Amino acid sequence: MIAAPGPTPRAQERLLLLDPRAGRFRDARLADLPTLLRPGDLVVVNDAATVPGSLPAVAPGGERVEIRLLGEAGAGQWRAVLFGEGDWHTRTEERPAPPVLGPGDTLRLDGLTATIFSVWYPAPRLVELRFDAEGGRLWSALYRLGRPIQYAHLAAGLALSDVQTVYASRPWAAELPSAGRPLSWELLLGLKRRGVALAAVTHAAGVSSTGDPTIDRALPLPERYEIPAETVDPVGKARAARGRVVAVGTSVVRALEGCAAAHDGRLVAGRGTTNLVVSPGFVPQVVDGLLTGFHEPGSSHLGLLRAFVPPPLLDAAYSHAEAQGYRGHEFGDSNLILAAA
Numbered sequence: 000m001i002a003a004p005g006p007t008p009r010a011q012e013r014l015l016l017l018d019p020r021a022g023r024f025r026d027a028r029l030a031d032l033p034t035l036l037r038p039g040d041l042v043v044v045n046d047a048a049t050v051p052g053s054l055p056a057v058a059p060g061g062e063r064v065e066i067r068l069l070g071e072a073g074a075g076q077w078r079a080v081l082f083g084e085g086d087w088h089t090r091t092e093e094r095p096a097p098p099v100l101g102p103g104d105t106l107r108l109d110g111l112t113a114t115i116f117s118v119w120y121p122a123p124r125l126v127e128l129r130f131d132a133e134g135g136r137l138w139s140a141l142y143r144l145g146r147p148i149q150y151a152h153l154a155a156g157l158a159l160s161d162v163q164t165v166y167a168s169r170p171w172a173a174e175l176p177s178a179g180r181p182l183s184w185e186l187l188l189g190l191k192r193r194g195v196a197l198a199a200v201t202h203a204a205g206v207s208s209t210g211d212p213t214i215d216r217a218l219p220l221p222e223r224y225e226i227p228a229e230t231v232d233p234v235g236k237a238r239a240a241r242g243r244v245v246a247v248g249t250s251v252v253r254a255l256e257g258c259a260a261a262h263d264g265r266l267v268a269g270r271g272t273t274n275l276v277v278s279p280g281f282v283p284q285v286v287d288g289l290l291t292g293f294h295e296p297g298s299s300h301l302g303l304l305r306a307f308v309p310p311p312l313l314d315a316a317y318s319h320a321e322a323q324g325y326r327g328h329e330f331g332d333s334n335l336i337l338a339a340a
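Quick note on numbering: the sequence shown equals residues 0 to 340 in numbering that gives the first Met the number 0.
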């Protein structure tokens with residue numbers, strides 16, 4: 000599938016509607032979303048803002064490296080993946096490996112240093128590090144030095160505003176929670192007028208690729224989330240009224256289903272970390288439908304979709320989308336997986 004080369008105006012994307020119960024799909028527009036849902040349904044978004052997580056640095060031996068932040072690990076520590084010299088213009092799988100570093104090694108940035116605290120399984124490029132600044136001083140430095148993480152299929156460099164949803168709040172996400180990017184305020188208000196409820200979780204969406212097969216096979220890595228009480232209650236009300244809970248993006252699925260799996264099927268307000276990998280055979284306990292983009296074959300995101308759609312139907316839908324010129328990746332078109340009844 001052709002990758003979208005960059006951001007497009009919100010709510011202009013195409014949408015492919017898949018009904019797994021009826022075993023069919025049809026073409027639509029994202030602007031049709033309010034008419035595709037019904038009063039009593041609940042749409043849950045990931046309101047994590049995207050951090051400027053790509054940071055240039057210099058290793059102890061003088062080599063230039065790139066730090067890609069995966070998220071805060073607590074106690075002033077951050078998880079990150081390291082790349083060798085180069086930038087997003089080169090495909091991740093063609094980037095040189097960084098020098099092998101270990102605990103105590105220090106990476107120098109402009110006015111900031113990061114000391115490696117530990118190396119993280121399953122590859123030496125995955126590290127936990129600690130910056131020599133904290134609080135507002137650290138965040139000011141990250142926003143001054145960093146750029147959005149991006150990939151070689153894009154035509155131009157991204158501004159930080161390109162990788163935010165309209166409802167973005169706390170800076171938790173390493174990469175854009177892309178399923179929600181095309182949702183405009185006008186479209187969200189259209190859902191409210193339709194009688195569709197809206198709620199949010201915050202999930203630290205991680206990187207989609209590193210180019211290292213060992214790491215990529217382990218994706219998605221454990222990610223933190225927070226589910227507010229203001230979301231738990233609407234989920235319960237929607238399910239009691241036989242409404243459908245529609246997750247906007249795979250990160251919302253991981254947060255809701257990861258929480259339910261950790262609490263005997265119950266959704267509980269609060270923070271947690273999920274290592275849940277949703278794959279074929281998984282039976283969702285909370286989520287009934289999913290608004291998402293088009294994903295690469297073999298990716299964990301596509302594997303998650305197979306828990307909601309029978310593989311033959313999903314394969315047929317993807318073949319149709321490719322033939323019709325739908326666009327993939329983070330700025331591409333959308334598909335809505337949702338049973339009509």
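All C-beta atoms in this analysis are idealised placements derived from N, C-alpha and C, irrespective of residue type, glycine included. Since the structure is predicted, the reported quantities are computational estimates derived from the model, not experimental observations.
Thinking C-alpha only, which one of the options is nearest residue i?
i: Gly73; options: Leu159, Gly103 and Arg223; result: Arg223
i: Leu68; options: Leu144, Gly39 and Asn45; result: Leu144
i: Ala204; options: Lys236, Pro97, Gly189 and Leu175; result: Leu175
i: Leu32; options: Asp46, Ala21 and Leu17; result: Leu17
i: Gly61; options: Trp87, Val99, Gly75 and Val50; result: Val99
i: Arg13; options: Pro311, Gly324 and Leu337; result: Gly324
i: Thr7; options: Gln284, Pro221 and Ser183; result: Ser183
i: Leu337; options: Pro19, Ile1, Ala3 and Ala2; result: Pro19
i: Pro51; options: Pro38, Arg28 and Gln149; result: Gln149
i: Leu301; options: Phe130, Val276, Trp87 and Gly5; result: Val276
i: Arg238; options: Pro38, Arg28 and Phe24; result: Pro38
i: Ser168; options: Leu54, Gly331 and Thr49; result: Thr49
i: Phe82; options: Leu312, Ser208 and Pro310; result: Ser208
i: Pro310; options: Gln284, Gly280, Ala320 and Arg124; result: Gly280
i: Trp87; options: Gly75, Asp26 and Leu54; result: Leu54
i: Ala306; options: Pro97, Arg25 and Val252; result: Val252
Can you tell me whether residue i is buried or exposed, with buried defined as 16 or more other CB within 10 angstroms of its CB?
i: Trp77; result: buried
i: Ala240; result: exposed
i: Asp211; result: buried
i: Pro181; result: buried
i: Pro219; result: buried
i: Arg216; result: exposed
i: His294; result: buried
i: Asp263; result: exposed
i: Ala268; result: exposed
i: Asp109; result: exposed
i: Glu133; result: exposed
i: Leu188; result: exposed
i: Ser139; result: exposed
i: Ile1; result: exposed
i: Glu93; result: exposed
Please confirm whether residue i and residue j have their CB atoms less than 8 angstroms apart.
i: Pro95; j: Glu84; result: yes
i: Val244; j: Val286; result: yes
i: Ala196; j: Leu41; result: yes
i: Arg341; j: Leu36; result: Past the boundaries of the shown model lies residue 341; the chain is included only from 0 to 340, so the question cannot be answered.
i: Tyr166; j: Val44; result: yes
i: Ser34; j: Ala122; result: In the sequence as presented, Ser is not what sits at residue 34; that position holds Thr. No, they are not a contact pair.
i: Ala322; j: Ala172; result: no
i: Arg270; j: Glu229; result: no
i: His202; j: Ala261; result: no
i: Val126; j: Ala79; result: yes
i: Gly257; j: Thr273; result: yes
i: Leu335; j: Leu304; result: no
i: Ala3; j: Gly327; result: yes
i: Ala113; j: Phe130; result: yes
i: Glu329; j: Ser160; result: no
i: Leu266; j: Val308; result: no
Between residue i and chain E, is there a C-beta pair that is closer than 8 angstroms?
i: Val162; result: Within the model displayed, chain E is absent; a lone protein chain is all it includes.
Helix, strand or coil for residue i per DSSP?
i: Arg78; result: strand
i: Val139; result: In the sequence under discussion, the amino acid at residue 139 is Ser, which differs from the Val named in the question. In the structure shown, Ser139 sits in a helix (DSSP, three-state: H, G or I).
i: Gly302; result: helix
i: His319; result: helix
i: Pro279; result: coil
i: Thr273; result: strand
i: Ser160; result: helix
i: Gly292; result: strand
i: Asp314; result: helix
i: Ala48; result: strand
i: Ala178; result: helix
i: Thr91; result: helix
i: Leu69; result: strand
i: Leu100; result: coil
In the DSSP assignment, find the unbroken alpha helix (DSSP H) run with residue i in it and report its ends.
i: Asp232; result: Ala228 to Ala239
i: Val252; result: Thr249 to Ala261
i: Asp31; result: No alpha helix (DSSP H) holds Asp31; DSSP gives it neither H nor E.
i: Trp184; result: Trp184 to Arg193
i: Ala217; result: Pro212 to Ala217
Could you spell out the range, first to last residue, of the beta strand (DSSP E) harbouring residue i?
i: Thr105; result: Thr105 to Leu108
i: Trp171; result: Pro170 to Ala172
i: Asp18; result: Arg13 to Asp18
i: Ile115; result: Leu111 to Val118
i: Ile1; result: Run containing Ile1: none; DSSP gives neither H nor E here.
Mind checking whether the beta-carbon of residue i lies closer than 7 angstroms to any heavy atom of the ligand MG?
i: Asp31; result: Among the components of this structure there are no ligands whatsoever, and the ligand MG is therefore not found.
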